[in-house]
Amino acid sequence: MYELIDSHSHIDEIENTDSVIAEARKNHVMAVIAVGTSFLSNQRIMALAEIYPDYLYPALGLFPWNIADEDFQDNMNYIGENIHRAIGMGEIGLDYSKGVKERASREDQQSVFRELLATAKANNKPALIHSRYSWKDCFNITQEVEVEKAVFHWYTGPLSILNQIIESGYYISASPAAEYHEEHRAAIKAVPLERLILETDSPVTYRRGTEFEYDSRPADVVRTLYAISEIKNIDRVTAAKITLENAVRLFNL
258 MYELIDSHSH IDEIENTDSV IAEARKNHVM AVIAVGTSFL SNQRIMALAE
308 IYPDYLYPAL GLFPWNIADE DFQDNMNYIG ENIHRAIGMG EIGLDYSKGV
358 KERASREDQQ SVFRELLATA KANNKPALIH SRYSWKDCFN ITQEVEVEKA
408 VFHWYTGPLS ILNQIIESGY YISASPAAEY HEEHRAAIKA VPLERLILET
458 DSPVTYRRGT EFEYDSRPAD VVRTLYAISE IKNIDRVTAA KITLENAVRL
508 FNL
């Protein structure tokens with residue numbers, strides 16, 4: 258048998274938390290990293306972590322597009338005041354997709370990202386990094402700030418940058434999209450198992466627009482496990498053991 262950690266869940270966006278966690282436990286999920294994205298989200302995450310101690314671990318963060326929120330500075334202050342109570346800094350990063358850049362310029366995103374990374378470094382917290390269409394800049398800025406611990410979540414970028422991520426001692430995380438997403442599968446195939454952790458990004462909807470569409474939950478990290486086992490041609494028990502050890506090491510669980 259094996260145990261798993263869902264290293265990236267927006268569980269504050271999911272209703273019926275009790276049943277969601279009960280389902281996760283039945284699927285051998287021993288812990289969930291709950292990531293924040295905004296002022297309200299971070300407060301919810303911290304409250305949930307108190308309800309489910311030693312199971313739900315909070316990470317405080319800010320989505321790039323939430324830089325435009327009216328309570329942006331309140332959130333930055335909240336993160337600074339509470340990061341010592343969290344297991345990590347995330348979800349943070351850059352997003353160069355068109356809709357996000359219309360809300361927050363590259364320059365503003367990079368400025369905030371640097372500030373949050375510096376806070377993570379000062380508090381010895383791992384950074385959970387969102388890098389959509391911004392892989393190179395995310396990596397370079399993380400290096401510039403000299404962050405020691407980081408995971409590039411749901412990585413789909415170039416393998417050349419992936420190699421730099423690996424050489425720097427950082428991790429990437431695999432999501433249930435590993436079942437079908439070509440770029441994500443390529444990254445998982447290329448990364449050493451010792452630099453890989455598992456996640457769901459729940460409640461993200463996977464296989465959208467198909468008959469197999471579903472809204473993910475932390476229990477679906479089992480699907481991620483099955484997918485990476487298939488991609489890397491290793492048995493599930495071994496894959497679970499090593500990715501669990503990686504997550505425990507990264508988050509100091």
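Each residue of the sequence shown is one higher than the one before, counting from 258 in my numbering. Glycine included, every Cβ here is placed at the ideal spot set by N, Cα and C.
Between S432 and Y390, the gap from beta carbon to beta carbon reaches 8 Å or more. When rounded, the separation of the alpha-carbon atoms in S473 and T467 is 15 Å.
Rounded to whole angstroms, P310 and K358 show a C-alpha spacing of 37 Å.
Counting of Cβ neighbours within 10 angstroms places V494 among the exposed residues, the total staying below 16.
By DSSP's assignment, M287 forms no beta bridge with any residue. Fully enclosed alpha helix (DSSP H) runs of no fewer than 4 residues occupy 392 to 401 and 416 to 424 of the stretch 372 to 434, in order along the chain.
In the structure shown, the three-state DSSP call for A316 is strand. For the set H438, H267 and N334, the Cα lying nearest the Cα of A306 is the one of H267. For S486, no beta strand (DSSP E) encloses it; the enclosing alpha helix (DSSP H) starts and ends at V478 to K489. Contact check for T413 against H441 passes: the beta carbons are separated by less than 8 Å. Beta bridge pairing from DSSP links V292 with A316. Beta-bridge analysis with DSSP links G350 to H387.
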